[in-house]
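In this note's numbering, the protein residues as written are 14 to 225.
Okay, structure coming up:
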């Protein structure tokens, strides 16, 4: 007895793996929108196609203007940040410099007032101190450092530091009677407040006249 073996040929299926390629969603959306516009422009009358294209052009122009405005704002803000850093990076050093200027002024103030017939050495010493101070202050001003004398002006807690109060009859309350040190500014920023004596609430004077 002969056994017959049936061989059934089973088709083999090759499975091919396809890797998804990365894509830009925004770019695809714009491409799809542009394709839709082209399809819309390809149908209808010539006037309708022109109107559709003009509308698309106006939309793209508006997007470009908005993007350009954002870029300009970003550049302006970056420029301001660079300028602020450049202007105020030397603030600590500037404080030390004005301390030297104050010490120089104290040395000048310690000299006796000018008198007729005084010793020539004292005269030359005073003139030397005064010339050095003028030159020093000029250098500071060229670098944006200025001093303000608050004497007899209104007290400003943002610019002055009150060391004591005093009753006076030539100023109203809350005015600077005497400034031990000036107010120092770096550009528009406070560098060092003035040390001042302030007229108290019992003071009876009138505000000083404003100078033109």
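For glycine and all other residues, C-beta sits at the position ideal for the given N, C-alpha and C. All values reported here derive from a predicted model rather than from experimental measurement.
Segment limits, beta strand (DSSP E) that includes residue i
i           : result
residue 161 : 158-161
residue 179 : 173-179
residue 124 : Per DSSP, residue 124 belongs to no beta strand (DSSP E) and is neither H nor E.
residue 200 : Where residue 200 is concerned, there is no enclosing beta strand (DSSP E), given that its DSSP letter is neither H nor E.
residue 215 : It is not in any beta strand (DSSP E) - residue 215 carries neither H nor E in the DSSP assignment.
residue 191 : 189-192
For residue j and residue i, the rounded distance between their alpha carbons
i           : j           : result
residue 162 : residue 110 : 18 Å
residue 64  : residue 71  : 11 Å
residue 221 : residue 170 : 19 Å
residue 190 : residue 165 : 6 Å
residue 10  : residue 106 : It is not possible to answer for residue 10, since the shown part of the chain is limited to 14 through 225.
residue 216 : residue 187 : 9 Å
residue 156 : residue 74  : 46 Å
residue 12  : residue 151 : Lying before the first or after the last residue shown, residue 12 is absent from the chain, which here runs from 14 to 225.
residue 100 : residue 90  : 15 Å
residue 102 : residue 88  : 21 Å
residue 95  : residue 158 : 19 Å
residue 66  : residue 84  : 27 Å
residue 77  : residue 172 : 47 Å
residue 116 : residue 174 : 19 Å
residue 167 : residue 223 : 11 Å
residue 60  : residue 79  : 29 Å
residue 112 : residue 133 : 29 Å
residue 86  : residue 144 : 47 Å
residue 3   : residue 129 : Given that the chain is displayed from residue 14 to residue 225, the structure contains no residue 3 and the question cannot be resolved.
Terminal residues of the alpha helix (DSSP H) in which residue i lies
i           : result
residue 68  : 59-101
residue 150 : 133-155
Neighbourhood of residue i by C-beta, 8 Å cutoff - its chain only, sequence neighbours within 5 removed
i           : result
residue 177 : 210, 211
residue 104 : 199, 202, 204
residue 193 : 176, 207, 208, 209, 210
residue 135 : 124, 125
residue 27  : Here residue 27 scores only 45 on pLDDT, less than 50, and its place in the model should not be relied on; the value that follows carries that caveat. Taken in chain order, the list of residues that qualify is empty.
Neighbourhood of residue i by C-beta distance below 7 Å, restricted to the same chain and skipping five residues each side
i           : result
residue 218 : 181, 182, 183, 184, 185
residue 118 : 146
residue 97  : none
residue 82  : none
Assumed close pair residue i, residue j - CB separation to whole angstroms, cut-off 8 Å
i           : j           : result
residue 121 : residue 149 : The Cβ separation is near 11 Å, so there is no contact.
residue 153 : residue 114 : 7 Å
residue 127 : residue 139 : 7 Å
Contact set for residue i: own chain, Cβ-Cβ below 6 Å, skip 5 residues either direction
i           : result
residue 160 : 195, 197
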